[in-house]
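Note that UniProt numbering gives residue 295 to position 295 of the sequence shown, counting from 1, and the numbers run on in steps of one.
Everything below concerns the one structure shown next.
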Amino acid sequence: MHLPDVFESSYKGYDRYPEQLVCQGPFPLVLQTYRSRLDNVAPNLFIEDNATGHVPFRDWVDATQTFERDTVADDEQLKQRLGDHSTIDPLTLKPVGAVATKRDPKCRFIFLSAGPDGHSRQRLKTSRRMLTRILSYHQVMPDYLDLICLFGLSAQPRDLRFSCFREQTLLGDCFRRSAVPELGRSGQQFQLCYNLKAPFCSSAAAPSPKDKEWWIRKVAVHHQFDTIQGTTLWIIAKGNLEFKDLVQKMTGKTGRPEDRAFGAPQESFVSSLAIHLLHCHWSTDEWRWYIQWLEDVVDSYTDIAVSGPREKSDARYEYSTRHLQDIQYYEGKSNEAVTILEGNIEVISALRAYYQGLLGHDDFPLRNSCHQNITGFAIELDKRVYELRMQISRAKLLTRTTADTKSLILQHLQTQGTEEMETMTKNMHQIGVMAQEETIAVRIVTVVTLIYLPATFVSTFFSTDVVKYQSQSGGPDGSQDVQTSGASFSQLALDRWLELALPLTATTLSLGYIWYRIAKRKRQSLLPFFHVDARIPLR
């Protein structure tokens with residue numbers, strides 16, 4: 001099979017994707033940016049080249065009028081699936097042999113995921129070599145990398161507010177250079193890629209709404225349609241293989257005949273519209289229940305905050321900062337839901353506008369035969385948009401309700417704090433009064449001590465051997481001790497005691513009073529309100 005040199009060269013250089021594409025579209029600098037971005041995210045986005053991958057294929061077989069299913073685990077199996085029989089020359093290290101030996105099937109689905117039980121925060125079960133080979137073989141426009149990069153290893157969901165719709169229309173004689181007749185490619189095609197998001201409850205059996213866990217799922221879709229040959233390509237990236245099951249049900253033996261008809265180009269085109277509708281219906285299906293869950297949770301806070309008793313009693317609900325954090329979390333979820341819903345509307349509206357624009361494209365050969373189908377397709381998308389707008393109205397009202405509830409809870413928290421401060425102030429006042437009473441008692445003890453200390457000192461001094469008055473025949477001045485009933489009395493000793501005790505007592509009290517006045521004046525200069533009577537009761 002002889003392939004155009006431009007395509008063969010582009011496919012052999014798959015490791016340089018997207019710089020080597022035949023129809024590059026953007027400026028070369030933009031393609032370099034895409035490749036650099038792919039280099040940066042590759043460690044967290046893909047598995048290693050020698051690891052076992054999981055990439056399901058679903059190809060239409062004309063002979064049996066059914067889909068052939070296969071799961072590719074590594075790059076060699078991928079080459080066989082694509083019909084690539086080339087090998088690497090050990091001398092030149094370049095591929096030799098036929099790189100393509102199979103015509104494209106009328107319809108091909110390729111599912112990228114983190115595995116059957118995976119999620120979008122895990123690495124895709126494909127290597128970078130496998131993905132770039134697929135994208136190069138089918139000449140996928142580089143814009144799809146923007147959507148693929150939303151997946152990969154991460155601790156928390158990311159880029160949930162990012163929505164995108166891109167298209168590349170190659171209709172007209174100027175694009176026939178990209179034709180590969182040997183593979184059934186006319187060069188007259190259009191490509192679309194977009195992403196949509198929808199909620200998913202991972203704990204539906206939880207008894208309480210607060211115990212339920214909801215996650216936002218995302219899907220990245222790429223679609224190609226050859227308007228002459230009628231061949232279609234779908235590359236669907238999602239955390240798990242949910243869409244693989246949905247597509248099998250739709251296009252299987254139990255599905256509608258028009259959804260699995262790939263004979264004439266118009267039949268393939270109509271079938272592709274059904275797949276688009278599947279994606280759009282998925283993006284609107286669970287939002288009603290997600291917002292209902294948010295409403296139930298927020299209402300549980302609102303009812304207590306609005307109707308619950310606030311007087312001091314055992315029935316009063318006590319709030320903490322944790323409740324404020326919780327309500328702020330749900331307010332963020334409500335705002336996030338509004339943003340995501342608006343993004344879905346923009347994508348679905350862009351999809352609708354693109355297909356309606358094909359009806360006015362002079363180089364679109366199916367504009368007459370499929371006019372009615374496109375009109376019906378646009379009507380169905382309008383229904384999806386209407387459903388999403390209704391949910392946006394609910395989410396915006398919920399956001400306002402959540403903000404009001406948060407303000408009310410904050411007021412309750414402030415009231416609780418004020419009450420606690422009032423209680424603490426009263427307790428501190430009581431402690432201050434008790435301390436003042438104790439201070440008065442200490443002052444009394446201090447004054448008594450100051451009064452008795454000099455006399456005690458003199459008495460102690462007179463009781464030593466330094467001074468003796470008893471048992472003497474007479475004093476220096478000729479006075480005599482008086483002895484009565486076994487006791488003795490010395491008038492001279494009493495006079496001397498009074499002469500020393502009374503002046504010392506007066507001096508001690510004077511010095512103590514002077515020291516007290518100095519300390520009081522110093523405190524008043526440092527504390528202007530120190531003189532306020534602390535016994536004044538608090539109102």
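Note that beta-carbon positions come from the ideal geometry of N, C-alpha and C, so glycine has one too.
Assigned exposure category for residue i - 16 Cβ within 10 Å defines buried
i, result
"LEU273", "buried"
"LEU526", "exposed"
"SER202", "exposed"
"PHE442", "According to the sequence as given, residue 442 is Val; it is not Phe. The residue is exposed, with fewer than 16 neighbouring Cβ atoms inside 10 Å."
"THR87", "exposed"
"LYS197", "buried"
"HIS371", "exposed"
"TYR513", "exposed"
"ALA1", "The sequence shown places Met at residue 1, rather than the Ala named in the question. Its Cβ having fewer than 16 others within 10 Å, MET1 is exposed."
"ILE431", "exposed"
"GLY172", "exposed"
"TYR130", "The residue asked about is misnamed: residue 130 is Met in this sequence, not Tyr. Buried."
"GLY187", "buried"
"TYR17", "buried"
"ASN195", "buried"
"GLY230", "buried"
"ALA218", "Per the sequence presented here, residue 218 reads as Lys, with Ala not at that position. Under this definition LYS218 is a buried residue."
"GLN65", "exposed"
Distance, residue j Cα to residue i Cα
i, j, result
"TYR290", "ASP117", "22 Å"
"ALA264", "ASP362", "20 Å"
"GLY478", "PHE462", "Here GLY478 scores only 49 on pLDDT, less than 50, and its place in the model is too uncertain to base an answer on."
"PRO142", "LEU31", "7 Å"
"ASP62", "ARG103", "12 Å"
"HIS223", "GLN416", "59 Å"
"GLY53", "PRO105", "23 Å"
"residue 540", "CYS193", "The structure shown does not extend to residue 540, since the chain is modelled only from 1 to 539, so the question has no answer here."
"residue 595", "THR132", "The requested residue 595 is not part of the displayed model; the chain covers only 1 to 539."
"MET421", "ASN427", "10 Å"
"PRO537", "HIS429", "Since pLDDT at PRO537 reaches only 49, below the 50 mark, its modelled position is unreliable, and the value read off the structure follows with that caveat. About 8 Å."
"TYR452", "SER320", "59 Å"
"GLU76", "TYR301", "57 Å"
"MET434", "VAL445", "17 Å"
"PHE364", "PHE162", "31 Å"
"PRO309", "THR399", "25 Å"
"TYR317", "ILE304", "8 Å"
"TRP497", "ALA506", "14 Å"
"ARG521", "GLU437", "21 Å"
"ARG517", "LEU413", "47 Å"
"ILE374", "TYR354", "10 Å"
"VAL297", "LYS406", "13 Å"
"ASP382", "SER178", "35 Å"
"ALA455", "ILE440", "24 Å"
"LEU233", "ARG322", "50 Å"
"GLY343", "GLU336", "11 Å"
As assigned by DSSP and simplified to three states, the class of residue i
i, result
"PHE109", "strand"
"PRO365", "coil"
"LYS238", "strand"
"THR126", "coil"
"HIS85", "coil"
"ARG158", "coil"
"CYS174", "helix"
"LEU277", "helix"
"LYS244", "helix"
"SER393", "helix"
"SER490", "coil"
"GLU311", "coil"
"ASP117", "coil"
"MET1", "coil"
"ALA264", "coil"
"GLN472", "No answer about GLN472 holds up, because its pLDDT of 49 lies below 50 and its placement is not dependable."
"TYR317", "coil"
"ASP143", "coil"
"residue 541", "Because the chain is modelled from 1 through 539, residue 541 falls outside the range shown and cannot be assessed."
"GLY478", "In this prediction, GLY478 has a pLDDT of 49, which is less than 50 and means its spatial position is unreliable; what the coordinates show is noted afterwards. Coil at GLY478, not helix or strand."
Those residues which DSSP pairs with residue i across a bridge
i, result
"PRO199", "ILE216"
"GLU68", "ASP59"
"CYS193", "ARG166 and HIS222"
"PRO95", "ILE88"
"ARG185", "VAL180"
"THR232", "CYS107 and PHE225"
Neighbour flag for residue i against chain B, beta carbons, 8 Å
i, result
"LEU160", "In the structure shown, chain B does not exist; there is a single protein chain."
- Residue ranges of each beta strand (DSSP E) within the region 21-64, 3 or longer: The region 21-64 contains these whole beta strand (DSSP E) runs: 55-61.
- Task: Run through the region 404-447 for me and flag every whole alpha helix (DSSP H) of 4 or more residues, listed as ranges in chain order.
- Result: Along the region 404-447, the alpha helix (DSSP H) does not occur as any fully enclosed run of 4 or more residues.
- In chain order, which beta strand (DSSP E) runs of at least 3 residues are fully inside the region 321-353? DSSP runs (the beta strand (DSSP E)) wholly in the region 321-353: none.
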